[in-house]
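Using the numbering used here, you'd call the opening residue of the sequence shown number 1359 and step up by one each time. Where a beta carbon is used, it is the ideal one built from N, C-alpha and C, also for glycine. Here the structure is a predicted model, which is why all the values come from computation and not from measurement. Comments concern the structure below.
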Amino acid sequence: MNASRCAGVDPSNRDHGRAMFWTRSSSVASVAISPFQFIASSDIKEALMYSRFLLLAFILASIPIAQAQSDPSAQRYPSKPVRMIVPWAAGGTSDVAARVVAQKLSEGWLNQVFVENRGGAGGTIGTAAAAKSSPDGYTLLMGSSTEMVVSPHVYRNAAYITTRDFVPIAYVAAQPLVLVVHPSVPAKSVQELIALAKSRPGSLNCASVGSGSTNHLAQVLFENAAQVQFTHVPYTGSPQAATGTVAGETQVHFGSLTAVVELVRSGKLRGLAVTSAKRSPALPDLPTVAEAGVSNYEIVIWNALFAPQGTPPEIVSRLHAEMGRVLEAPDVREAFARLGMEVSPSTREQLGALVASEWTRMGKVVAASGAKID
């Protein structure tokens, strides 16, 4: 039997035929359901007009629905408080930097960004906690060069790999170390210190904040570049290391700028050079170590903002843009200047390249130092 007749449709009616959809399978014909199957033949033109109206209405109705479905979560971010982990105790440079940034982000978002200190094991405990957090943008890490590119090579049980487990958001600021000596040391320049160290191998004690710390690695880099040898004396923290040098327990120290700047200004320690690629505005009279004759020498302590790997790209982009606004604020720049830190905005790609490069470089320096902690 003719499938058209079965359906009660006259196949000679071309307009009606266009209103139907047919499929055949073997010898059996099946009729697809038409939107017009309940409309009489005499109303075909009206039905076609109605179908066009329905199609237009559907398209118009779909626009806001599609927009709502495609809205990224970044447009609603943040809808609740954001946690910023600092993997060090309160009061340190990373902590102060985090609080400056958190306050400014909170002001712009009208949503609290709170700092959570989780110190221990060279910063690896808090950093591992951040790496394992839900990648939803509500846990961030104010990382420093120490735990991001140094400590994982030192601590055997570090439960993260920076280049694998984190997404770079924004480079924040950096500070150099300062090569200082006790006032009793006769060297008044880097070259005089090198000559003194070569004449008395191992007799000069060099303070650090611990085996494998940035201070210690600055010493190792200097020893390798200048072909000298100091005796490493680890302390429990920056204040203790600086105090030990002031007291004469040690004669040399690569101290963070924030820890030693006032001691240099007061004459309690003698500054010889800064370890950055350019001079520090905080101590403009001091040359860089490279300027003083140790070629290609550079090591700084930097801070940057990170998120756990897997954080939605839209949120990462939003955070990067917000950090650009924060770091351009005059009061933020002044706050970092008081810490002896220079704000230096960069792209996410530049930060990622820095981390990858320093991960490799510091891994080699740690290996040369022999520093390993279980």
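(request) Might you give, ordered along the chain, the residues of its own chain that have their beta carbon closer than 8 Å to the beta carbon of Asn1469, omitting 5 neighbours on each side? (result) The beta carbon of Asn1469 sits closer than 8 Å to the beta carbons of Pro1436, Ser1437, Lys1438, Pro1439 and Val1440 from its chain, once the five residues preceding and following it are set aside; these are given in chain order.
(request) Could you please give me the residues that DSSP links to Thr1646 through a beta bridge? (result) Beta-bridge annotation (DSSP): Thr1646 is paired with Val1632.
(request) My understanding is that Val1508 touches Val1724, with C-beta atoms under 8 Å, so please give their C-beta distance in whole angstroms. (result) Right, their Cβ atoms sit about 7 Å apart.
(message) Let's test the definition: count the other Cβ atoms within 10 Å of the Cβ of Ala1726 and tell me whether it reaches 16, buried, or not, exposed.
(response) Its Cβ having fewer than 16 others within 10 Å, Ala1726 is exposed.
(message) The alpha helix (DSSP H) that contains Ala1583, what's its start and end?
(response) Taken as a continuous stretch (DSSP letters only), the alpha helix (DSSP H) holding Ala1583 covers Thr1572 to Ala1584.
(request) Return the bridge partner residues of Pro1534 from the DSSP annotation. (result) Looking at the DSSP assignment, Pro1534 forms a beta bridge with Val1658.
(message) Considering only heavy atoms of the ligand FMN, does any lie closer than 7 Å to the CB of Glu1649?
(response) Annotation note on the ligand FMN: not contained in the displayed structure, which lists no ligands.
(request) Select from Ala1455, Asn1582 and Gly1449 the residue whose C-alpha is nearest the C-alpha of Asp1689. (result) By alpha-carbon distance to Asp1689, the top candidate from Ala1455, Asn1582 and Gly1449 is Ala1455.
(request) In the DSSP assignment, find the beta strand (DSSP E) that holds His1611 and state where it starts and stops. (result) Val1610 to Ser1614 is the span of the beta strand (DSSP E), which, as asked, contains His1611.
(request) Let me know the secondary structure DSSP gives His1540 once reduced to three states. (result) In this structure, His1540 counts as coil in the three-state DSSP scheme.
(message) Please identify the residue among Arg1514, Ser1492 and Gly1480 whose C-alpha is closest to the C-alpha of Gly1501.
(response) The shortest Cα separation from Gly1501 among Arg1514, Ser1492 and Gly1480 belongs to Gly1480.
(request) Provide the residue(s) that pair with Arg1441 in DSSP beta bridges, ordered along the chain. (result) Partner(s): Phe1472 and Thr1497.
(request) Would you mind sorting Lys1462 into buried or exposed? The rule is 16 or more other CB atoms within 10 Å of its CB. (result) So Lys1462 ends up on the buried side.
(message) Here's the rule I'm using: 16 or more other beta-carbon atoms within 10 Å means buried, otherwise exposed. How should Ser1702 be labelled?
(response) Exposed: under 16 other Cβ atoms inside 10 Å.
(message) Which residue marks the beginning of the alpha helix (DSSP H) containing Val1724, and which one marks its end?
(response) Per DSSP, Val1724 belongs to the alpha helix (DSSP H) from Arg1706 to Ser1727.
(request) Would you kindly work out how many angstroms separate the C-alpha atoms of Glu1692 and Glu1686, rounded to a whole number? (result) Taking the straight line from one Cα to the other gives about 11 Å.
(request) Can you say whether Pro1671 is buried or exposed, counting buried as having 16 or more other CB atoms within 10 angstroms of its CB? (result) It is exposed - the Cβ of Pro1671 has fewer than 16 other Cβ atoms within 10 Å.
(request) Would you check if there are 3 or more beta carbon pairs closer than 8 Å linking the region 1620 to 1636 to the region 1531 to 1548? (result) The answer is yes - the region 1531 to 1548 touches the region 1620 to 1636, with three or more Cβ pairs under 8 Å.
(message) Do Glu1465 and Ile1443 count as a contact pair if the criterion is CB distance below 8 Å?
(response) Against a cut-off of 8 Å, the Cβ pair of Glu1465 and Ile1443 comes out as no contact.
(request) Could you check what DSSP says for Pro1559 in three-state terms: helix, strand or coil? (result) In this structure, Pro1559 counts as coil in the three-state DSSP scheme.
(request) Could you work out which residue in Glu1607, Gly1560, Thr1572 and Thr1601 is closest to Phe1588 when comparing CA atoms only? (result) Checked all of Glu1607, Gly1560, Thr1572 and Thr1601; the closest Cα to Phe1588 is Gly1560.
(message) Can you look up Ala1565 in the DSSP assignment and give me helix, strand or coil?
(response) The three-state secondary structure of Ala1565, taken from DSSP, is strand.
(request) Determine the contact status of Pro1510 and Thr1497, defining contact as a CB-CB distance below 8 Å. (result) Contact: no.
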